[in-house]
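Since the structure comes first, as structure tokens, the remarks are kept for the end.
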Amino acid sequence: MLTFALSIAVSVLGAADVVSPAVCARLVMIGELGLDGRVHAVRGVLPAILGAAEAGFTSVVVPTANGAEAALVPGVKVVPVGSLRALMAYLRDEPPPVEEDEDDPPVPAPADGHAVRSGPHRDALDLSDVRGQADARRALEISAAGGHHLWLSGPPGCGKTMLAERLPTLLPPLERSAALEVTTIHSVAGTLPAGQPLITEPPFCAPHHTTTRAAMIGGGSRRALRPGAASLAHQGVLFIDEAPEFSTGVLDALRQPLEDGAVTISRAEATTRFPARFTLVLAANPCPCAAAKVLECVCTPAVRSRYLGRISGPLLDRVDLKLELEAATRAELRYDVDVAESSEVVAERVLLARERAAKRLAGTPWRTNSDVPGPELRRSLALPTSAMWPVDKALIEGTLSARGMHRVLRVAWTIADLGDRGVPADHDVGEALELWKGKRS
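Quick note on numbering: the sequence shown equals residues 225 to 665 in our numbering.
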């Protein structure tokens, strides 16, 4: 209700003839009014103004701190005010009052343990920082090019977190429509970066392993439903580090957004749908003791199996790329600098691959290979028999399910796009199958 405090105050003043009610007609007012008369920033300004514009309103009053965010909506006159006095002056067509410059405190974000990054921070990260792990860097490139989910397992210090944090640096900047959608979600959540009203880079969200189900997929009361980590990572990367430490119910709650690209939250009197189309990266140590070397591990095979078994089969079945990493060798740590490609170089290949996929999928609702449904893979994108033999063999052996086959074929198309091949060859399908089953680096 604080969002409407400013409009309520003006309504009272209009009823008391302090200001003409006619002047307030067709004027949308959003803001929290303090006891000292200052107008404070609020969450959700961007979606509120988008809704007002769709309803035919052309003028809005917002807190000064929300002015840049509100200006993102075209065709709407934005009137930023810092106090009730300033608003009264505007409504009476009087000169604005001279006010002290006081920094408005930022809108507090929910204390949900999320780490959300986008924009300038990514400039400090580069894929060439990762020494060794050539197979993992290749998998990261495939993931970025096709929007494929990724599983990384390996001992501490082998580079799992470094790889995941650099995935956003390989993704292309957000298109205008996607940027507005992402910004809208972060506006509702109160996580817009300071001084950056429009999010133009893919976000990176890394929730802590103590995250609850509501914090992961969204929740709250019916009057204040808020997006969770899955939606905050929309059009970007959701990184689940130490995945076996998460509650099984929390991780399994991601199965719906992985399939639908959205989260639906239902309450007794309200249902809200938040977009949640992200690239999932799961990372895990091979055992609970997290020993850096195999010889130092004290876990029995049964303990190791139970630990990784906390990740449900249905969730892993939705992950296209799986790698088991080993620690980088001394030679790789010292000399890999000459062969490790930068994010800029890899991002150029990713962009070209995405353009080839978009051209092939023109006229369809899909933009990346990971979006293509299974029936379409078997119809218009069917591969020649010569390219399908690795999949056919796995199906006969019973090591590949129908869902797994579709995921292998999607990855094969991405590998072909990266290699500028019009149709995947048998070696593309073979590499995709190896990555789906779980490749050991």
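Yeah, the Cβ is synthetic: ideal placement off N, Cα and C, and Gly gets one too.
What residue does the alpha helix (DSSP H) around residue i start on, and which one ends it?
i	result
G640	One detail in the question is off: residue 640 reads as Ala in this sequence, not Gly. Start and end: 626-642.
A231	Correcting the residue type first, residue 231 is Ser in the shown sequence and not Ala. 229-239 is the span of the alpha helix (DSSP H), which, as asked, contains S231.
T407	400-413
P614	613-621
E425	No alpha helix (DSSP H) contains E425, which DSSP labels as neither H nor E.
S720	Since the displayed the chain opens at 225 and closes at 665, residue 720 lies outside it and no answer follows.
A292	291-294
P271	269-278
To which residues of the same chain is residue i closer than 7 Å at the C-beta, ignoring the five residues directly before and after it?
i	result
R578	A369, P396, T592
A514	P380
V570	L351, E365, L394
M253	L230, S231, V234, V285
P597	none
A295	V302
H433	E466, E469, F470
A402	Q459
A457	P427, C429, F502
Count the other CB atoms within 10 Å of the CB of residue i; is the residue buried (16 or more) or exposed (fewer)?
i	result
V647	exposed
A335	Because the pLDDT at A335 is just 45, under 50, the model does not fix this residue reliably, and the point stays unresolved.
E365	buried
T435	buried
S529	exposed
P332	Low per-residue confidence applies at P332: pLDDT is 49, beneath 50, and the placement is therefore not dependable, though the value from the model is reported in the following sentence. The residue in question, P332, is exposed, as its Cβ has fewer than 16 Cβ neighbours within 10 Å.
L259	exposed
E293	buried
G356	buried
A240	exposed
I273	buried
D544	buried
L384	In the sequence as presented, Leu is not what sits at residue 384; that position holds Lys. Classification of K384: buried, given that the 10 Å Cβ count is 16 or more.
T472	exposed
K546	buried
T553	exposed
V322	exposed
R361	buried
V574	buried
S625	exposed
Near residue i, which residues of its chain fall below 8 Å by C-beta distance, leaving aside the five closest residues on each side in sequence?
i	result
G343	Here G343 scores only 46 on pLDDT, less than 50, and its place in the model is too uncertain to base an answer on.
Y314	V285, V303, V305, P320
S566	D350, L351, S352
G371	T503, T592, N593, S594, D595
With respect to the beta strand (DSSP E) encompassing residue i, which residues constitute its N-terminal and C-terminal limits?
i	result
W375	374-377
P499	495-499
M386	No beta strand (DSSP E) holds M386; the alpha helix (DSSP H) holding it covers 384-390.
T503	503-508
S567	No beta strand (DSSP E) holds S567; the alpha helix (DSSP H) holding it covers 567-584.
A448	Note, A448: premise wrong, no beta strand (DSSP E); not H, not E.
P304	301-305
By Cβ distance, which residues of its chain are closer than 6 Å to residue i, with the 5 residues on each side in sequence left out?
i	result
I464	L506
C382	L549, A551
L482	R542
R580	D641
A636	P648, D652, V653, A656
A611	P648, A649, D650, V653
L633	L601
T488	R497
I441	G452, A454, A477, V487
Looking at C-alpha atoms only, which residue of the options is the closest neighbour of residue i?
i	options	result
V243	A467, A310, L274, W590	A310
L540	P271, D359, G628, F228	G628
E466	F281, N509, G268, V263	N509
P298	A272, A277, S307	A277
E256	T227, T282, P245, L270	T227
G643	K661, L576, T623	L576
V461	A403, R361, T415, A388	A388
G261	G587, F502, S307	S307
R479	A500, W590, P468	A500
F470	P451, R361, L274, A430	A430
T415	G452, P245, S604	G452
I639	G238, E568, T524, A363	A363
R603	S625, T623, H630	H630
D317	A582, C248, S625, T553	C248
R390	A413, E405, V354	V354
M386	F428, L270, L398	F428
R250	L404, V263, I441, T282	T282
A279	A457, T609, V300, R267	V300
R584	A555, R645, L449	R645
Can you find a C-beta in chain D that's less than 8 Å from the C-beta of residue i?
i	result
L376	This model lacks chain D altogether, as it is built from one protein chain only.
### Query
Would you call the region 374-381 and the region 228-237 touching, i.e. three or more CB-CB distances under 8 Å?
Flag = no, the region 374-381 and the region 228-237 do not touch.
### Query
Are the region 531-538 and the region 491-498 touching, with three or more C-beta to C-beta distances below 8 Å?
no
### Query
When the Cβ atoms of the region 278-287 are set against those of the region 408-416, are three or more pairs found closer than 8 Å?
no
### Inter-stretch contact (C-beta, 8 Å, three-pair minimum) for the region 611-619 and the region 645-661
yes
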